[in-house]
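One structure is given below, encoded as structure tokens.
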Amino acid sequence: MKNKITKSIAAAAIVGLAITCLAFRGDQNNILSKTERANGWQLLFDGHSTAGWHLYNGTAQFTVWKAKDGALVCDPQDKSGAGDLVTDQEFKNFDLKFDWKLPKGGNSGVFVNVLERKDIPAAWASGPEYQLLDNSNPDFAKPQSRSGCLYGLAPQKAPVKTKPAIPGTIQK
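Using my numbering, you'd call the opening residue of the sequence shown number 9 and step up by one each time.
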């Protein structure tokens with residue numbers, strides 16, 4: 009039983025990304041230095057495909073998630089099928105480092121320590137979310153909704169000003 013719980017926790021240790029335009033950079037930032045490799049870091053995104061990822065609970069094929077221009081992106085306007093993206097690999101005792109970008113008004117997040125089980129229908133129901141939110145989003149008024157907080161649980165420990173939304177992108 010202990011092994012099954014550990015495996016379940018590890019299976020969804022890094023769950024990704026709510027249904028709005030989050031992107032992991034795939035360019036020069038998606039390269040490990042010799043020191044990082046020697047210290048055990050590994051890339052979760054190869055910079056050009058969705059290999060290594062699946063939808064939470066693997067209930068459907070994902071179509072809205074794509075590798076595009078060196079980034080892992082989700083189109084919130086595409087209604088053909090969406091869901092939280094999960095790494096295929098299991099993790100425990102991890103440090104997660106990532107870059108992200110949102111369109112104006114965007115709202116997304118990264119879930120961690122999620123249990124991927126059939127009796128839990130969504131990633132958000134079992135693990136905390138590291139919130140990603142554009143400052144122009146109406147939820148920005150709530151301190152426990154801003155980027156860098158654990159959504160609904162704790163405000164940012166060290167508030168910082170986020171960079172402006174990506175020019176030329178919109179979210180309807």
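For every residue, glycine included, the Cβ atom is placed at its ideal position computed from N, Cα and C.
Remember, it's a predicted structure, so these values are computed and weren't measured experimentally.
- In terms of Cβ geometry, L140 and G113 do not form a close pair [threshold 8 Å].
- By the Cβ-count criterion, W49 is exposed, with fewer than 16 other Cβ atoms from all chains shown falling within 10 Å of its own Cβ.
- CA-CA distance, K126 to N65, rounds to 6 Å.
- If one requires a minimum length of 3 residues, the beta strand (DSSP E) runs lying completely within the region 54-104 are 61-63, 73-76, 79-82 and 93-95, in chain order.
- Inclusion of G60 and N38 in the CB contact set at 8 Å is not warranted, their separation being larger than that value.
- Put simply, the region 97-114 touches the region 135-151. At least three CB pairs are less than 8 Å apart.
- Approximately 19 Å separates the beta-carbon atoms of L110 and P136; this is outside 8 Å, ruling out the contact.
- With a 10 Å radius around the Cβ and a threshold of 16 neighbouring Cβ atoms, A46 comes out exposed.
- Beta-bridge analysis with DSSP links E137 to F119.
- Rounded to the nearest angstrom, the gap between the Cα atoms of D92 and L63 is 6 Å.
- The C-alpha of P129 is placed about 18 Å away from the C-alpha of D96.
- Residue environment: L104 is assigned as exposed (fewer than 16 neighbouring CB atoms within 10 Å of its CB, all protein chains considered).
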